[in-house]
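Asker:
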Amino acid sequence: MAETLRYRDDQPVDHPAVTVDAFVDQSNAQAVRIEPGDDTRELLPHLQRLALVEVNFPAFGDGRGYSSARMLREAGYEGELRAVGDVLVDQLAYMRRCGFDAFEPDQQFDMDDVKAAFERWPEVYQNAADDRTPIWTKRHP
Numbered sequence: 004m005a006e007t008l009r010y011r012d013d014q015p016v017d018h019p020a021v022t023v024d025a026f027v028d029q030s031n032a033q034a035v036r037i038e039p040g041d042d043t044r045e046l047l048p049h050l051q052r053l054a055l056v057e058v059n060f061p062a063f064g065d066g067r068g069y070s071s072a073r074m075l076r077e078a079g080y081e082g083e084l085r086a087v088g089d090v091l092v093d094q095l096a097y098m099r100r101c102g103f104d105a106f107e108p109d110q111q112f113d114m115d116d117v118k119a120a121f122e123r124w125p126e127v128y129q130n131a132a133d134d135r136t137p138i139w140t141k142r143h144p
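Per the working numbering, the sequence shown starts with residue 4, numbered consecutively.
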């Protein structure tokens with residue numbers, strides 16, 4: 004694993020993440036790891052006690068984690084949402100739009116590439132889980 008990139012001001016969570024099934028069966032877990040195929044909706048009643056949600060991307064082409072992230076953010080989850088696994092630098096801007104605020108890729112990123120990925124598109128066209136304003140609202144206030 005490469006160094007974790009965080010875009011949060013709070014302290015990193017030091018609790019190990021458990022599986023969704025284990026999390027639902029425990030009362031003291033504060034970190035969970037969502038695997039492809041897990042039902043993110045099982046976590047919705049427990050968002051207040053979650054400090055960290057890791058979403059695993061075992062292959063860069065598996066996009067189910069994007070849906071999990073957006074679902075959690077739209078349900079009000081405010082804790083750390085970390086993409087882990089086969090995360091590519093080209094995906095970072097899209098992942099941020101879905102609500103991810105931390106990244107733990109399999110391979111270390113070049114920080115110049117990370118900066119370029121986030122600056123590539125200064126405007127967005129639709130609402131998402133992030134706080135960016137769509138360009139059409141700037142044109143039609």
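Glycine included, each C-beta is placed from N, C-alpha and C at the ideal position.
These numbers come from a predicted model, not from an experiment.
Do you know whose CA, among GLN111, PHE112, ALA105 and VAL127, lies nearest VAL16's CA?
Answerer: Within the sequence shown, the letter at position 13 stands for residue 16. Among GLN111, PHE112, ALA105 and VAL127, the Cα nearest to that of VAL16 belongs to ALA105.
Asker: State the beta-bridge partners of GLU57 as determined by DSSP.
Answerer: If you number the sequence shown from 1, residue 57 lands on position 54. Paired residue(s): ARG36 and ARG85.
Asker: How close, in whole Å, do the beta carbons of GLY40 and PRO61 come, if the pair is a contact with beta carbons under 8 Å?
Answerer: Counting from 1 along the sequence shown, the entry for residue 40 is found at position 37. Counting from 1 along the sequence shown, the entry for residue 61 is found at position 58. With 8 Å as the limit, GLY40 and PRO61 do not qualify as a contact, their Cβ atoms being about 10 Å apart.
Asker: Can you name the start and end residues of the alpha helix (DSSP H) that ALA45 belongs to?
Answerer: As a working note, residue 45 is residue 42 in the sequence shown. The question names Ala, yet the displayed sequence has Glu at residue 45. Per DSSP, GLU45 lies in no alpha helix (DSSP H) and is assigned neither H nor E.
Asker: Based on the DSSP secondary-structure assignment, which residues constitute the bridge partners of ARG99?
Answerer: On the sequence shown, residue 99 is found 96 positions in, with the first residue counted as 1. Its beta-bridge partners do not exist; DSSP assigns none.
Asker: Taking contact to mean 3 or more Cβ pairs, one atom from each stretch, closer than 8 Å, check whether the stretch 41-53 and the stretch 71-90 are in contact.
Answerer: Yes, they touch.
Asker: Is ARG142 helix, strand or coil by DSSP?
Answerer: The sequence position of residue 142 within the sequence shown is 139, counting from 1. Residue state, collapsed to three classes: helix.
Asker: Beta-carbon within less than 6 Å of ALA32's beta-carbon, same chain only, minus the 5 sequence neighbours each way: which residues are those?
Answerer: Numbered from its first residue, the sequence shown carries residue 32 at position 29. Result list for ALA32: VAL21 and PHE26, in chain order.
Asker: What residue from ASP28, SER30, GLN14 and ALA96 has the CA that sits closest to ASP116's CA?
Answerer: What you label residue 116 is simply residue 113 of the sequence shown in a count that begins at 1. Comparing Cα positions, the closest option is ALA96.
Asker: Near THR43, which residues of its chain fall below 7 Å by C-beta distance, leaving aside the five closest residues on each side in sequence?
Answerer: As a first step, residue 43 is located in the sequence shown; it is residue number 40 there, counting from the start. For THR43, where only same-chain residues beyond five positions count, the Cβ hits under 7 Å are ILE37, SER71, MET74 and LEU75.
Asker: Using the three-state DSSP reduction, which class does VAL21 fall into: helix, strand or coil?
Answerer: Stepping through the sequence shown from its first residue, residue 21 is reached at position 18. Strand at VAL21.
Asker: Quick check: the Cα distance between ASP24 and ARG142, rounded to an integer number of angstroms?
Answerer: Stepping through the sequence shown from its first residue, residue 24 is reached at position 21. Stepping through the sequence shown from its first residue, residue 142 is reached at position 139. In a straight line, the C-alpha of ASP24 is about 46 Å away from that of ARG142.
Asker: When you compare the CB positions of ARG135 and GLU107, do they come within less than 8 Å of one another, or not?
Answerer: As a first step, residue 135 must be located in the sequence shown, where it is residue number 132. As a first step, residue 107 must be located in the sequence shown, where it is residue number 104. Not a contact, by the Cβ cut-off of 8 Å.
Asker: Expressed to the nearest angstrom, what Euclidean distance is found between the alpha-carbon atoms of ARG100 and GLN29?
Answerer: Translated into positions along the sequence shown, residue 100 becomes position 97. Translated into positions along the sequence shown, residue 29 becomes position 26. Near 31 Å, if we compare the C-alpha coordinates of GLN29 and ARG100.
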